Amino acid sequence: MEAKENLMDFLTAYVRKHPEVDINIIIPNEENIKKVLECL
Numbered sequence: 001m002e003a004k005e006n007l008m009d010f011l012t013a014y015v016r017k018h019p020e021v022d023i024n025i026i027i028p029n030e031e032n033i034k035k036v037l038e039c040l
């Protein structure tokens, strides 16, 4: 999926320019999604 790759490229470039941003916060991962769903 080209759109997904473009988004990932954009986000990783943004994090490189802004080291104060945690990539794990702006890109959801399966483990964090499961934790959120357990809280619902």
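For the sequence shown, full-length UniProt numbering gives the first residue as 1, with consecutive numbering after it.
Glycine is no exception: its CB is placed at the ideal position from the N, C-alpha and C atoms.
Note that the coordinates shown come from a computational prediction; the quantities given were computed from them, not determined experimentally.
Alpha carbon to alpha carbon, what distance is there between residue j and residue i?
| i | j | result |
| --- | --- | --- |
| residue 38 | residue 29 | 15 Å |
| residue 14 | residue 36 | 25 Å |
| residue 21 | residue 5 | 20 Å |
| residue 17 | residue 11 | 10 Å |
| residue 8 | residue 2 | 10 Å |
With respect to the alpha helix (DSSP H) encompassing residue i, which residues constitute its N-terminal and C-terminal limits?
| i | result |
| --- | --- |
| residue 22 | Unbroken run through residue 22: none, as it is neither H nor E. |
| residue 6 | 2-17 |
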